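Residues 170 to 250 (the working numbering) make up the sequence shown, in order.
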Amino acid sequence: MDYEFSIPWFVVGLIITALGGLFIKYHMFVADNFGGGAGSYDRYKLAALIMVGVGLVAMINLHTLLLGLIFGSLFDGIRNG
170 MDYEFSIPWF VVGLIITALG GLFIKYHMFV ADNFGGGAGS YDRYKLAALI
220 MVGVGLVAMI NLHTLLLGLI FGSLFDGIRN G
């Protein structure tokens with residue numbers, strides 16, 4: 170599978186990264202109002218950091234390569250079988 174840059178995925182990744190950045194900034198507010206309060210600050214911050222990471226991977230279009238490697242290794246025996 171070859172790497173191919175995609176502008177739409179760059180824009181989607183940029184949006185996901187921006188939303189993750191906002192979530193990092195306001196994670197305490199979200200945890201207080203929707204979660205368990207101060208006890209869940211770290212979980213919400215971790216979720217926001219994962220969101221930023223996924224956004225960066227989507228921005229440079231590596232998600233198709235990674236998914237291809239994962240599913241290729243799982244289902245390679247079926248294809249070559």
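Idealized CB from N, CA, C, for every residue including glycine. Just so we're clear, the structure is a prediction, and the values are computed from it rather than from any experiment.
Do you know how far the Cα of residue j is from the Cα of residue i?
{"i": "Leu234", "j": "Val226", "result": "10 angstroms"}
{"i": "Tyr195", "j": "Gly241", "result": "39 angstroms"}
{"i": "Tyr172", "j": "Leu231", "result": "8 angstroms"}
{"i": "Gly210", "j": "Gly190", "result": "For clarity, residue 210 is Tyr in the given sequence; the question names Gly instead. Using only the alpha carbons, I get a separation of about 15 angstroms."}
{"i": "Gly204", "j": "Leu183", "result": "26 angstroms"}
Pick helix, strand or coil for residue i, following the three-state DSSP scheme.
{"i": "Gly205", "result": "coil"}
{"i": "Phe240", "result": "helix"}
{"i": "Leu234", "result": "helix"}
Could you tell me the boundaries of the alpha helix (DSSP H) in which residue i lies?
{"i": "Asp171", "result": "It is not in any alpha helix (DSSP H) - Asp171 carries neither H nor E in the DSSP assignment."}
{"i": "Ile184", "result": "Ile176 to Lys194"}
{"i": "Ile219", "result": "Tyr210 to Met228"}
Hey, residue i and residue j are a contact pair by Cβ (cut 8 angstroms); roughly how many whole angstroms apart?
{"i": "Met220", "j": "Leu188", "result": "7 angstroms"}
{"i": "Val223", "j": "Tyr213", "result": "Rounded, the Cβ-Cβ distance is 16 angstroms, inconsistent with contact."}
{"i": "Ala217", "j": "Phe192", "result": "4 angstroms"}
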